[in-house]
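Visitor: Quick one: structure below, then a few questions.
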Amino acid sequence: MFVFQLSYYSSLLILISIAINRMIAVVFPNKSHLIDDRAVKIIVFSIYPIAILLSLFADYVLPCCRTNYSYKTYSYQFFVWNETTTNYKNMIMDLPMNIITTTIIFICYGAIFTKVIKTNRKNVIQMSSNTEFKKSKRKSELKCAAHFALISTFYIAVWVSYRIFPLIVSSSTPEWYSLTGFFMILNISSNAIIYFTMNKEVKKSKNN
(Lines of atoms letter the chains of each structure in order from A; the text may use other names.)
(Lines give C-alpha, C1' and ligand atoms only; values in the text may rest on other atoms or scores of the structure.)
Protein backbone atom coordinates (compact mmCIF):
# COMPACT_ATOMS: atom_id res chain seq x y z
CA MET A 38 0.00 0.00 0.00
CA PHE A 39 3.03 2.30 -0.01
CA VAL A 40 2.42 3.25 -3.65
CA PHE A 41 -1.23 4.00 -2.88
CA GLN A 42 -0.21 6.13 0.09
CA LEU A 43 2.38 7.95 -2.01
CA SER A 44 -0.20 8.63 -4.71
CA TYR A 45 -2.71 9.93 -2.17
CA TYR A 46 -0.33 12.26 -0.33
CA SER A 47 1.10 13.60 -3.58
CA SER A 48 -2.43 14.32 -4.83
CA LEU A 49 -3.09 16.37 -1.68
CA LEU A 50 0.06 18.42 -2.23
CA ILE A 51 -0.82 18.91 -5.90
CA LEU A 52 -4.33 20.10 -5.05
CA ILE A 53 -2.96 22.57 -2.50
CA SER A 54 -0.37 23.86 -4.98
CA ILE A 55 -2.93 24.27 -7.77
CA ALA A 56 -5.44 26.05 -5.53
CA ILE A 57 -2.83 28.53 -4.28
CA ASN A 58 -1.49 29.00 -7.82
CA ARG A 59 -4.95 29.84 -9.20
CA MET A 60 -5.69 32.19 -6.31
CA ILE A 61 -2.48 34.15 -6.88
CA ALA A 62 -3.14 34.34 -10.64
CA VAL A 63 -6.66 35.72 -10.20
CA VAL A 64 -6.70 37.51 -6.85
CA PHE A 65 -3.10 38.76 -6.59
CA PRO A 66 -1.89 39.29 -10.19
CA ASN A 67 0.78 41.71 -8.93
CA LYS A 68 2.37 38.72 -7.15
CA SER A 69 2.76 36.74 -10.39
CA HIS A 70 6.47 36.23 -9.68
CA LEU A 71 5.37 33.67 -7.07
CA ILE A 72 3.94 31.46 -9.83
CA ASP A 73 6.43 32.04 -12.64
CA ASP A 74 8.17 29.15 -14.40
CA ARG A 75 10.98 28.93 -11.88
CA ALA A 76 8.63 28.87 -8.89
CA VAL A 77 6.38 26.26 -10.51
CA LYS A 78 9.35 24.01 -11.31
CA ILE A 79 10.57 24.21 -7.71
CA ILE A 80 7.13 23.27 -6.41
CA VAL A 81 6.67 20.43 -8.91
CA PHE A 82 10.05 18.89 -8.14
CA SER A 83 9.40 19.19 -4.40
CA ILE A 84 6.00 17.47 -4.31
CA TYR A 85 7.06 13.84 -4.72
CA PRO A 86 10.09 13.94 -2.39
CA ILE A 87 7.82 15.42 0.30
CA ALA A 88 5.11 12.84 -0.45
CA ILE A 89 7.67 10.02 -0.20
CA LEU A 90 8.82 11.24 3.22
CA LEU A 91 5.21 11.52 4.42
CA SER A 92 4.41 8.02 3.14
CA LEU A 93 7.48 6.49 4.76
CA PHE A 94 6.64 8.16 8.05
CA ALA A 95 2.99 7.06 7.90
CA ASP A 96 3.64 3.44 6.90
CA TYR A 97 6.94 2.59 8.61
CA VAL A 98 7.46 5.00 11.52
CA LEU A 99 4.03 5.33 13.08
CA PRO A 100 3.02 2.17 14.98
CA CYS A 101 -0.55 2.16 13.66
CA CYS A 102 -2.44 1.98 11.37
CA ARG A 103 -1.89 1.34 7.68
CA THR A 104 -4.57 1.84 5.05
CA ASN A 105 -5.39 -1.43 3.29
CA TYR A 106 -7.75 -2.74 0.67
CA SER A 107 -10.68 -4.49 2.31
CA TYR A 108 -12.62 -7.17 0.48
CA LYS A 109 -15.22 -7.10 3.25
CA THR A 110 -16.11 -3.48 2.61
CA TYR A 111 -15.27 -3.37 -1.12
CA SER A 112 -13.09 -0.37 -0.39
CA TYR A 113 -10.26 0.96 1.80
CA GLN A 114 -10.01 0.89 5.56
CA PHE A 115 -7.47 1.31 8.34
CA PHE A 116 -5.94 -1.95 9.50
CA VAL A 117 -6.47 -1.72 13.27
CA TRP A 118 -5.16 -4.49 15.52
CA ASN A 119 -7.97 -4.20 18.07
CA GLU A 120 -10.49 -1.72 19.45
CA THR A 121 -8.05 -0.35 22.04
CA THR A 122 -5.37 0.42 19.47
CA THR A 123 -4.68 4.11 18.91
CA ASN A 124 -4.80 5.01 15.24
CA TYR A 125 -1.80 7.33 15.11
CA LYS A 126 -1.78 7.50 11.33
CA ASN A 127 -5.30 8.87 11.31
CA MET A 128 -4.73 11.27 14.22
CA ILE A 129 -1.34 12.63 13.17
CA MET A 130 -1.36 12.33 9.37
CA ASP A 131 -4.56 11.62 7.48
CA LEU A 132 -7.24 13.60 9.29
CA PRO A 133 -5.15 16.78 9.76
CA MET A 134 -3.96 16.66 6.13
CA ASN A 135 -7.50 16.15 4.85
CA ILE A 136 -8.82 19.06 6.91
CA ILE A 137 -5.92 21.36 5.97
CA THR A 138 -6.20 20.52 2.26
CA THR A 139 -9.97 21.03 2.19
CA THR A 140 -9.70 24.31 4.13
CA ILE A 141 -7.06 25.69 1.75
CA ILE A 142 -9.17 24.66 -1.25
CA PHE A 143 -12.27 26.42 0.06
CA ILE A 144 -10.33 29.56 1.00
CA CYS A 145 -8.54 29.81 -2.35
CA TYR A 146 -11.51 29.15 -4.61
CA GLY A 147 -13.76 31.28 -2.41
CA ALA A 148 -11.32 34.16 -2.83
CA ILE A 149 -11.23 33.58 -6.60
CA PHE A 150 -14.99 33.71 -7.09
CA THR A 151 -15.31 36.73 -4.78
CA LYS A 152 -12.62 38.59 -6.70
CA VAL A 153 -14.15 37.81 -10.09
CA ILE A 154 -17.62 38.93 -9.01
CA LYS A 155 -16.27 42.25 -7.69
CA THR A 156 -14.17 42.81 -10.81
CA ASN A 157 -17.07 42.12 -13.16
CA ARG A 158 -19.22 44.66 -11.33
CA LYS A 159 -16.54 47.33 -11.74
CA ASN A 160 -16.05 46.55 -15.43
CA VAL A 161 -19.74 47.00 -16.18
CA ILE A 162 -19.34 50.75 -15.58
CA GLN A 163 -16.20 51.28 -17.68
CA MET A 164 -15.72 49.41 -20.93
CA SER A 165 -12.61 49.79 -23.06
CA SER A 166 -10.45 47.61 -25.27
CA ASN A 167 -8.00 47.20 -22.42
CA THR A 168 -10.81 46.30 -20.04
CA GLU A 169 -12.14 43.78 -22.53
CA PHE A 170 -8.74 42.15 -22.70
CA LYS A 171 -8.54 41.99 -18.92
CA LYS A 172 -12.05 40.55 -18.73
CA SER A 173 -11.20 37.92 -21.32
CA LYS A 174 -8.04 36.97 -19.46
CA ARG A 175 -9.84 36.86 -16.11
CA LYS A 176 -12.62 34.76 -17.64
CA SER A 177 -10.00 32.28 -18.80
CA GLU A 178 -8.47 32.20 -15.32
CA LEU A 179 -11.91 31.68 -13.77
CA LYS A 180 -12.66 28.80 -16.13
CA CYS A 181 -9.34 27.21 -15.23
CA ALA A 182 -10.12 27.67 -11.54
CA ALA A 183 -13.55 26.08 -12.06
CA HIS A 184 -11.88 23.04 -13.63
CA PHE A 185 -9.65 22.58 -10.61
CA ALA A 186 -12.53 23.22 -8.22
CA LEU A 187 -14.35 20.30 -9.85
CA ILE A 188 -11.26 18.15 -9.46
CA SER A 189 -11.10 19.12 -5.79
CA THR A 190 -14.74 18.08 -5.34
CA PHE A 191 -13.87 14.48 -6.24
CA TYR A 192 -11.05 14.50 -3.69
CA ILE A 193 -13.34 15.82 -0.95
CA ALA A 194 -15.89 13.11 -1.83
CA VAL A 195 -13.19 10.47 -1.27
CA TRP A 196 -12.16 11.38 2.26
CA VAL A 197 -15.63 12.46 3.45
CA SER A 198 -17.23 9.19 2.31
CA TYR A 199 -14.29 7.25 3.76
CA ARG A 200 -15.09 8.66 7.20
CA ILE A 201 -18.86 9.03 7.09
CA PHE A 202 -19.83 5.64 5.62
CA PRO A 203 -18.65 3.63 8.68
CA LEU A 204 -21.02 5.76 10.77
CA ILE A 205 -24.12 5.52 8.58
CA VAL A 206 -23.79 2.33 6.52
CA SER A 207 -25.09 -0.91 7.99
CA SER A 208 -22.76 -3.92 8.14
CA SER A 209 -25.38 -5.84 6.16
CA THR A 210 -24.92 -3.56 3.14
CA PRO A 211 -21.15 -3.22 2.72
CA GLU A 212 -21.52 -2.62 -1.01
CA TRP A 213 -22.13 1.07 -0.28
CA TYR A 214 -18.47 1.34 0.73
CA SER A 215 -17.54 0.71 -2.89
CA LEU A 216 -18.56 4.31 -3.61
CA THR A 217 -15.37 5.42 -1.86
CA GLY A 218 -13.36 3.34 -4.31
CA PHE A 219 -15.39 4.81 -7.16
CA PHE A 220 -14.71 8.33 -5.91
CA MET A 221 -11.02 7.43 -5.67
CA ILE A 222 -11.00 6.40 -9.34
CA LEU A 223 -12.69 9.68 -10.25
CA ASN A 224 -10.17 11.57 -8.13
CA ILE A 225 -7.25 9.95 -9.91
CA SER A 226 -8.66 10.27 -13.43
CA SER A 227 -10.61 13.53 -13.12
CA ASN A 228 -7.73 15.73 -14.21
CA ALA A 229 -7.38 13.97 -17.55
CA ILE A 230 -11.15 13.64 -18.07
CA ILE A 231 -11.88 17.31 -17.36
CA TYR A 232 -9.08 18.56 -19.59
CA PHE A 233 -10.07 16.20 -22.39
CA THR A 234 -13.77 17.14 -22.32
CA MET A 235 -13.81 20.77 -21.13
CA ASN A 236 -10.51 22.44 -22.06
CA LYS A 237 -10.93 24.53 -25.22
CA GLU A 238 -7.37 24.09 -26.46
CA VAL A 239 -7.41 20.32 -25.97
CA LYS A 240 -10.79 19.97 -27.72
CA LYS A 241 -9.54 22.08 -30.62
CA SER A 242 -6.40 19.98 -31.10
CA LYS A 243 -8.49 16.80 -30.83
CA ASN A 244 -10.83 17.91 -33.63
CA ASN A 245 -7.99 18.89 -35.97
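Mapped onto our numbering, the consecutive letters of the sequence shown carry residue numbers 38 to 245.
Ideal Cβ placement from N, Cα and C applies to all residues, glycine included.
All of these numbers come straight from a predicted model, not from anything done at the bench.
1. Give me the DSSP bridge partner(s) of ASN105.
2. To the nearest angstrom, how far is it from the Cα of LEU216 to the Cα of ALA148?
3. Does the Cβ of THR110 have 16 or more other Cβ atoms within 10 Å, making it buried, or fewer, making it exposed?
4. Answer yes or no: do PHE185 and ALA56 have a C-beta to C-beta separation smaller than 8 Å?
5. Would you mind stating whether TYR125 and LEU91 have Cβ atoms separated by less than 8 Å?
6. My understanding is that LYS152 touches VAL64, with C-beta atoms under 8 Å, so please give their C-beta distance in whole angstroms.
7. Put VAL153 into one of helix, strand or coil per three-state DSSP.
8. Can LEU43 and ALA76 be called in contact, C-beta distance under 8 Å?
9. Might you give, ordered along the chain, the residues of its own chain that have their beta carbon closer than 6 Å to the beta carbon of ILE142, omitting 5 neighbours on each side?
10. Near LEU187, which residues of its chain fall below 8 Å by C-beta distance, leaving aside the five closest residues on each side in sequence?
11. Output yes or no for whether 8 Å exceeds the beta carbon distance between SER54 and ILE84.
12. Return helix, strand or coil for LEU223, following the three-state DSSP convention.
Guide: In brief:
1. Numbered from its first residue, the sequence shown carries residue 105 at position 68. In the DSSP output, where bridge partners are listed per residue, ASN105 has GLN114.
2. Counted from its first residue, the sequence shown places residue 216 at position 179. Counted from its first residue, the sequence shown places residue 148 at position 111. Using only the alpha carbons, I get a separation of about 31 Å.
3. Here residue 110 refers to the residue found at position 73 of the sequence shown. Buried, by the Cβ-count rule.
4. Taking the first residue of the sequence shown as 1, we reach residue 185 at position 148. Taking the first residue of the sequence shown as 1, we reach residue 56 at position 19. In this structure, ALA56 lies closer than 8 Å to PHE185 by Cβ.
5. Walking along the sequence shown from the start, residue 125 turns up at place 88. Walking along the sequence shown from the start, residue 91 turns up at place 54. Contact flag unset, no.
6. On the sequence shown, position 115 is the one that residue 152 refers to. On the sequence shown, position 27 is the one that residue 64 refers to. Between VAL64 and LYS152 the Cβ distance is about 5 Å, and since that is below 8 Å, they are a contact.
7. Here residue 153 refers to the residue found at position 116 when the sequence shown is read from its first residue. Three-state result, VAL153: helix.
8. Reading the sequence shown from its first residue, position 6 is the one you call residue 43. Reading the sequence shown from its first residue, position 39 is the one you call residue 76. Not in contact: LEU43 and ALA76 (Cβ atoms no closer than 8 Å).
9. The count along the sequence shown starts at 1 and reaches residue 142 at position 105. ALA56 and SER189, listed in sequence order.
10. Looking up residue 187 in the sequence shown gives position 150. These residues qualify, in order along the chain: SER227 and ILE231.
11. Taking the sequence shown and counting its residues from 1, one reaches residue 54 at position 17. Taking the sequence shown and counting its residues from 1, one reaches residue 84 at position 47. Yes, the Cβ-Cβ distance between SER54 and ILE84 is below 8 Å.
12. Indexing the sequence shown from 1 puts residue 223 at position 186. Helix at LEU223.
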